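Take a look at the structure set out below.
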Amino acid sequence: DVDQWKYVDDTTVAETVLKNDASAMQEYVEDLSNQSLANKFQLNETKCKELRISFAKFKPDFAPIRINDKDIEVVTSVKLLGLNISNDLKWNTHISKIVRKVSTRLYFLKQLKRAGLATKEMLLFYLTCVRP
Numbered sequence: 234d235v236d237q238w239k240y241v242d243d244t245t246v247a248e249t250v251l252k253n254d255a256s257a258m259q260e261y262v263e264d265l266s267n268q269s270l271a272n273k274f275q276l277n278e279t280k281c282k283e284l285r286i287s288f289a290k291f292k293p294d295f296a297p298i299r300i301n302d303k304d305i306e307v308v309t310s311v312k313l314l315g316l317n318i319s320n321d322l323k324w325n326t327h328i329s330k331i332v333r334k335v336s337t338r339l340y341f342l343k344q345l346k347r348a349g350l351a352t353k354e355m356l357l358f359y360l361t362c363v364r365p
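Residue numbering for the sequence shown follows our numbering, starting at 234 and increasing by one per position.
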């Protein structure tokens, strides 16, 4: 059973593989690729990523997923709708990336203060660039 979520021009495909079962993802990806080609669209295999999440003591060894005769990169985390999801499902990766982004923007806010920008404009910068 394969779930598919679609947003804007990206598609996310998820599969639950039970212990001792085989993955059907390659067949699903081939079907998706064929449907795309039928609609005059080609999947960009360099932008496709595979995230494997398993809490089993012995991790299953799946064959690589292939698109256009190229192996899809297996990654430890992906960004999906603004959320960084890691293969251990912990929040560390997501929080670290947010902290880095906010630190950079707070540095710019500090530079704006040194440049003598009015408080009202600094508040506007904070509300539009730092807080979201």
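Glycine is no exception: its CB is placed at the ideal position from the N, C-alpha and C atoms.
From a predicted model like this one, the values you see are computed outputs, not experimental measurements.
Got a sec, what are the start and stop residues for the alpha helix (DSSP H) residue i sits in?
i, result
"I331", "325 to 347"
"E354", "352 to 358"
Straight-line CA distance for residue i to residue j?
i, j, result
"L314", "V262", "21 Å"
"G349", "Y359", "15 Å"
"F288", "T352", "50 Å"
"K330", "F341", "17 Å"
"I318", "V235", "19 Å"
"V335", "T244", "28 Å"
"E278", "K303", "7 Å"
"K280", "R299", "13 Å"
Would you mind reading off the limits of the beta strand (DSSP E) that contains residue i?
i, result
"L265", "Run containing L265: none in the beta strand (DSSP E); it sits in the alpha helix (DSSP H), 258 to 271."
"K312", "310 to 313"
"K282", "282 to 284"
"V246", "243 to 248"
Would you list the residues sitting across from residue i in a DSSP beta bridge?
i, result
"I300", "K303"
"N317", "K312"
Check whether the Cβ atoms of residue i and residue j lie closer than 8 Å to each other.
i, j, result
"E248", "K282", "no"
"L284", "V311", "yes"
"V363", "L339", "yes"
"N320", "T309", "yes"
- Item | the segment 295 to 313 / the segment 253 to 268 touching (three or more Cβ pairs under 8 Å) | yes
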